[in-house]
Every structure is written in structure tokens, then in C-alpha cells.
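Novice: Encoded as C-alpha cells, here's the structure I'll be asking about.
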Amino acid sequence: FGDLGTLQAKDLLREEDGIWRVRFAKRRGNKPKVTVVEGQTNQVAEMVSRLRWLTEDQNVRPEDIQVLVYYKIQIETLVAAVETARLPSVEGIHISTTKKDELLRKRGWLSISTVASAKGYDAFCVLLANTNDFPTDIQGRASFYVACTRAIEYLEVFAANRSGLVGEMEQAVAA
242 FGDLGTLQAK
252 DLLREEDGIW
262 RVRFAKRRGN
272 KPKVTVVEGQ
282 TNQVAEMVSR
292 LRWLTEDQNV
302 RPEDIQVLVY
312 YKIQIETLVA
322 AVETARLPSV
332 EGIHISTTKK
342 DELLRKRGWL
352 SISTVASAKG
362 YDAFCVLLAN
372 TNDFPTDIQG
382 RASFYVACTR
392 AIEYLEVFAA
402 NRSGLVGEME
412 QAVAA
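Following the working numbering from start to finish, the sequence shown increments by one per residue and tops out at 416.
Now the structure itself:
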């Protein structure tokens, strides 16, 4: 439980170009992926394409995938797109803003939720939609952090442009 000064003195934390680099607890595995697609319709189509790739090509079970959004109102669009796509392994969609635990991890069910509802839960694969909607204030950054840390193995964030936290995420992933 070192403070910032102690971590810097021990060269475990370093600021480089305005980004704090952690030099301990190094991660292995795939880096998060940032996908910028112009327009909401194209973004949803790309997410459905990624869900198809994960479930059909990578053999990821739907219950091991969590789709997250910042605003509850965005869930409807994603649910409609996934239902229209008729992904073979997706038997149902769990909208986990209410009764979170009821269908969570039920075999064949895909979970779509807000970041606030996903707090305390994780999944092997997390797809984060509409990343441009996250405010760049402290609360928005905290929510973005919560969203990204739900992923165990695979994280992909989708956005309409490279503004706000998306640009910062791309810069961090590239480093």
C-alpha cells in the first residue's frame, strides 16, 4: 500500500507523456482492442460481427461474454441487433440492469448491461459499446475503468471517433 511518491521512488510507477506507467504486476496476453467505426449503425453492426466471430470462430460461450454500455437507453438497440442477427449459439439475451443474478451465466445467454450494473461482475470477453459517451470527468473515467476491468481475457472498446477517452485508450494500448 505505497503512496504515489513511494511507488515513484522505487521506480514502480513512472509518468511518461502524461500517462502513468505501472512497472509492477505486468500483464500477459492480448492487449485491449480499440475499434473506431463511424456512426451508430456501423458500430452496432461491427459489434454483432465481433459477437459472431467470438461465438462461432473462437468458440466462446455466450455466457462468457458481457456487452456493456454507459447509458441504459442504448441497450435496446444492441438487443434488437443481436436478435436480428440470430447468432446460432445465443439462446437468449440477459439484460442485467434488473434482476442481475437471475440469468447471469445461464448457458447460451448473452449478457448486455450498463457499466453501473456490471460493477462487481466480470466475464472472459467484454465488448464496450459507444465509448465516446463516457464523460471525461472523474466519474466518467471511474466508470470507464470499471467497464474495462470487467474483462478477464478479451476487451474490445467500440467508438464513433477518437475523441475523449477513446483517444487516450488508443494511446495507452499502443504503448
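Just so you know, even glycine gets a beta-carbon here, dropped at the ideal spot from N, CA and C.
Is L245 helix, strand or coil by DSSP?
Specialist: By one-based count along the sequence shown, residue 245 stands at place 4. Helix.
Novice: For the beta strand (DSSP E) that contains Q307, what are its first and last residues?
Specialist: Taking the sequence shown and counting its residues from 1, the one referred to as residue 307 is at position 66. Note, Q307: beta strand (DSSP E), 306-310.
Novice: Tell me which residues share the same chain as V323 and place their Cβ nearer than 7 Å to its Cβ, disregarding the 5 neighbours each side in the sequence.
Specialist: Translated into positions along the sequence shown, residue 323 becomes position 82. So the qualifying residues of the chain are V289, L292, V331, I334, L351.
Novice: Assign L368 to one of three DSSP states: helix, strand, or coil.
Specialist: Along the sequence shown, read from residue 1 onward, the residue named residue 368 stands at position 127. Three-state result, L368: strand.
Novice: For A415, is the classification buried or exposed, using 16 other Cβ atoms within 10 angstroms of its Cβ as the cut-off for buried?
Specialist: In the sequence shown, counting from the first residue as 1, residue 415 sits at position 174. With fewer than 16 Cβ atoms within 10 Å of its Cβ, A415 is classed as exposed.
Novice: Would A392 be called buried (16 or more neighbouring beta carbons within 10 Å of its own) or exposed?
Specialist: Residue mapping note: residue 392 aligns to position 151 of the sequence shown, counting from 1. Flag for A392 reads buried.
Novice: Near D305, which residues of its chain fall below 7 Å by C-beta distance, leaving aside the five closest residues on each side in sequence?
Specialist: Numbered from 1 along the sequence shown, position 64 holds the residue referred to as residue 305. So the qualifying residues of the chain are A364, F365, C366.
Novice: What does the Cβ neighbour count give for N371, buried or exposed, with the cut at 16 atoms within 10 Å?
Specialist: Locating residue 371 in the sequence shown gives position 130, counting from the first residue. N371 should be labelled buried.
Novice: In three-state terms, what does DSSP make of L295?
Specialist: Here residue 295 refers to the residue found at position 54 when the sequence shown is read from its first residue. Helix at L295.
Novice: List the DSSP bridge partners of K274.
Specialist: In the sequence shown, counting from the first residue as 1, residue 274 sits at position 33. K274 is bridged to E397.
Novice: Start and end of the alpha helix (DSSP H) containing V356?
Specialist: Start at 1 with the first residue of the sequence shown, and residue 356 comes out as number 115. Looking at the DSSP string, the run of the alpha helix (DSSP H) that includes V356 is 356-359.
Novice: Tell me which residues share the same chain as G349 and place their Cβ nearer than 8 Å to its Cβ, disregarding the 5 neighbours each side in the sequence.
Specialist: Counting from 1 along the sequence shown, the entry for residue 349 is found at position 108. Result list for G349: R302, P303, E304, S330, V331, E332, G333, in chain order.
Novice: How close, in whole Å, do the beta carbons of A359 and Q307 come, if the pair is a contact with beta carbons under 8 Å?
Specialist: What you label residue 359 is simply residue 118 of the sequence shown in a count that begins at 1. What you label residue 307 is simply residue 66 of the sequence shown in a count that begins at 1. Contact holds; Cβ gap of about 6 Å.
Novice: Which residue comes first and which comes last in the beta strand (DSSP E) that contains L254?
Specialist: As a working mapping, residue 254 is identified with position 13 in the sequence shown. Element bounds for L254: 254-257.
Novice: So for R382, helix, strand or coil by DSSP?
Specialist: For the purposes of this step, residue 382 is identified with residue 141 of the sequence shown, where counting begins at 1. The answer is helix: DSSP assigns R382 an H, G or I state.
Novice: Find out if the Cβ-Cβ distance for the pair V278, F399 is shorter than 8 Å.
Specialist: Here the question's residue 278 lines up with position 37 in the sequence shown. Here the question's residue 399 lines up with position 158 in the sequence shown. Going by C-beta atoms, V278 is nearer than 8 Å to F399.
Novice: Within a Cβ cutoff of 8 Å, which residues of the same chain sit near W261, ignoring the five residues on either side of it in sequence?
Specialist: On the sequence shown, residue 261 is found 20 positions in, with the first residue counted as 1. Taken in chain order, the residues that qualify are L254, R255.
Novice: Using a Cβ-Cβ cut-off of 6 Å (strictly less than) and excluding sequence neighbours within five positions of F265, which residues of its own chain qualify?
Specialist: Here residue 265 refers to the residue found at position 24 when the sequence shown is read from its first residue. Closer than 6 Å at the Cβ level, and outside the excluded window around F265, lie L253.
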